[in-house]
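Everything below concerns the one structure shown next.
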Amino acid sequence: AHFHPRQLYIHKRREHSRDLDAARAELLQRGEQAREQERKQWRMRMLNVVLVRLTHLLLCVALMATVILLWMKVGGAIHCSFYTVLAPLAAFEVFLVGTSVFAYTIYILRGSAGWTFYWNRLRGVVRWLIVYTSPCESATVLVLTCCVMPLAASALEEDLPGVMLRHRRLRYVLPFVAAWSAACIFAMSLLRKRSFTTSCAGSFLLLWLPLLSVSVLLYLKLSLFPHMPFYVVFAPSLGVTSLLLLFVGFLVVASFWLGCRGNRDWTEYATFTLLTLLTVLLPLLLLQLACVARLSGKASDAALFLPLTLWLAGLLVCAAVHVCASLPASSASAGDSLSSRPWEPSYSDTELLLPPGTSGGVV
2 AHFHPRQLYI HKRREHSRDL DAARAELLQR GEQAREQERK QWRMRMLNVV
52 LVRLTHLLLC VALMATVILL WMKVGGAIHC SFYTVLAPLA AFEVFLVGTS
102 VFAYTIYILR GSAGWTFYWN RLRGVVRWLI VYTSPCESAT VLVLTCCVMP
152 LAASALEEDL PGVMLRHRRL RYVLPFVAAW SAACIFAMSL LRKRSFTTSC
202 AGSFLLLWLP LLSVSVLLYL KLSLFPHMPF YVVFAPSLGV TSLLLLFVGF
252 LVVASFWLGC RGNRDWTEYA TFTLLTLLTV LLPLLLLQLA CVARLSGKAS
302 DAALFLPLTL WLAGLLVCAA VHVCASLPAS SASAGDSLSS RPWEPSYSDT
352 ELLLPPGTSG GVV
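Using the working numbering, read the sequence shown as starting at 2 and increasing by one per residue.
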């Protein structure tokens, strides 16, 4: 039998309609998978902004508010308890504990389908603690660290049992015991897991060891040796900060020297290192010296609190800029950008050119 060319076209088109439907379904499925992946990435970016950038911002806000309240209380401008002075830091600790619930939930569900994506891309100090210690130990360290400020406020307000108030050695022991317990659990966990990476070793030598030494000397100053000079109390942190300042200064000079020889990467590294030296290390050293001078009675309150407030205000502005720059675009545009292609109708206009009864039932 001979077919009219238009009848042959219709036959071939209907023969491949099933393949066209399968291709259309596959394309729609791929588009939906791409939209779902975009939504997951958007949620992940938002979660990391909250756990990292927003946490930095709220920490700067809490520190600045606490410093201002303490300045006003020491100067006699306001008459409030130390609970009020340390309330901003307590609010930040509540926020930190609340956001850590998300990190622990993702850790528990990381073996389920879809949650591995979130755990592998999660950021923040809570994830860092979980990875380098364990879930139980990290939770214990977090709770003990958050208990330091309330216990310090109760010790300063003398809201303690009578036995502890009568003995000078026991009056300030609770906040220091909480801080020492958190530090010892963290150190023992690192030794147990043998996870001394570069970041862990740097945090241990530059942060953990000086802070622990200063806390021990401060407790001895408050309890056993009241005549100990304050420069002895701050000697560990001053020594580490000074050595780090010299080392970073050497890096800046060496990087600029290599950059002047034509290596642009070293110039960028030297610029970043110089900014770190001028905005972090040098202010920390000067503020420690001002704190020693104020506690020794050789400087006024303004000499300590005014530079500290200005420095925290600068850090607050930088943290706010980072938060604004890190906010991802809305995920509502993901579905619009991945819309499906328009499809032709089921029947073409060619079929309408056939005489009645020759198109296979199509009028």
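Even glycine gets a Cβ: it sits at the ideal position worked out from N, Cα and C.
- Ranked by Cα distance from Trp312, the options Leu213, Leu288, Val322 and Ala294 are led by Leu288.
- In this structure Val127 is not in contact with Ala91, their Cβ atoms being roughly 18 Å apart against a cut-off of 8 Å.
- In this chain, the alpha helix (DSSP H) harbouring Ala153 covers Val149 to Leu157.
- Here Val215 has Pro237 and Ser238 as same chain residues with Cβ atoms under 6 Å from its own Cβ, once five neighbours each way along the sequence are excluded.
- CA-CA distance, Leu218 to Val233, rounds to 8 Å.
- Here DSSP, grouped into helix, strand and coil, assigns Asp160 to coil.
- Residue environment analysis places Met65 among the buried positions, since at least 16 neighbouring C-beta atoms fall within 10 angstroms of its C-beta.
- Look at Ser216 here: in three-state DSSP terms it is helix.
- Annotated as proximal: Leu70 and Thr85, with beta-carbon spacing under 8 Å.
- Beyond the five residues adjoining it in sequence on each side, Arg54 comes within less than 8 Å, by CB distance, of Ala320, His323, Val324 and Ser327 in the same chain, given in chain order.
- Leu278 and Phe248 have their C-alpha atoms spaced approximately 10 Å apart.
- Excluding the 5 residues flanking it on each side, Leu60 has same chain C-beta neighbours closer than 7 Å at Phe93, in chain order.
- In the assembly as shown, Trp72 is a buried residue. Its beta-carbon has 16 or more other beta-carbons within 10 Å.
- An exposed status is given to Val102, since fewer than 16 other beta-carbon atoms sit within 10 Å of its beta-carbon.
- Between the region 152–164 and the region 108–127, the count of C-beta pairs closer than 8 Å stays below three; the two stretches do not touch.
- Taking 8 Å as the cut-off, the beta carbon of Met150 is found closer than this to the beta carbon of Leu87.
- Residue environment analysis places Phe226 among the exposed positions, since fewer than 16 neighbouring C-beta atoms fall within 10 angstroms of its C-beta.
- In this chain, the alpha helix (DSSP H) harbouring Phe273 covers Arg265 to Thr277.
- Annotated three-state conformation of Arg46 is helix, per DSSP.
- For Arg169, the uninterrupted alpha helix (DSSP H) segment begins and ends at Arg169 to Arg172.
- Excluding the 5 residues flanking it on each side, Ala63 has same chain C-beta neighbours closer than 8 Å at Pro89, Leu90, Ala92 and Phe93, in chain order.
- Under the three-state reduction of DSSP output, Arg111 falls in the coil class, being neither helix nor strand.
- In this structure, the alpha-carbon of Leu191 lies about 46 Å from that of Ala78.
- With a cut-off of 8 Å on Cβ pairs, the region 174–186 is not in contact with the region 107–118, counting fewer than three such pairs.
- Excluding sequence positions up to five before and after Ala184, its CB lies within less than 7 Å of the CB of Trp209 and Leu213, all in the same chain and listed in chain order.
- A check of alpha carbon separations from Ala291 across Leu309, Leu246, Val241 and Glu269 identifies Leu309 as the nearest.
- Counting C-beta atoms within 10 angstroms of its own C-beta, Val318 has fewer than 16 neighbours from the protein chains shown and is therefore classed as exposed.
- Rounded to whole angstroms, the Cβ separation of Leu245 and Leu282 is 6 Å, and the two are in contact under 8 Å.
- Boundaries of the alpha helix (DSSP H) around Ser243: Ala236 to Cys261.
- The alpha-carbon separation between Gly260 and Thr272 amounts to approximately 10 Å.
- The residues Thr56 and Leu59, in chain order, have a CB closer than 8 Å to that of Phe96 in the same chain once the five nearest residues on each side in sequence are set aside.
- Glu138 has its alpha-carbon roughly 8 Å from the corresponding atom of Ile131.
- Counting other Cβ atoms within 10 Å of its Cβ, Pro211 reaches 16 or more and is therefore classed as buried.
- In this structure, the alpha-carbon of Arg265 lies about 37 Å from that of Gln38.
- In the DSSP annotation of this structure, the continuous segment of the alpha helix (DSSP H) that includes Pro284 starts and ends at Leu283 to Leu296.
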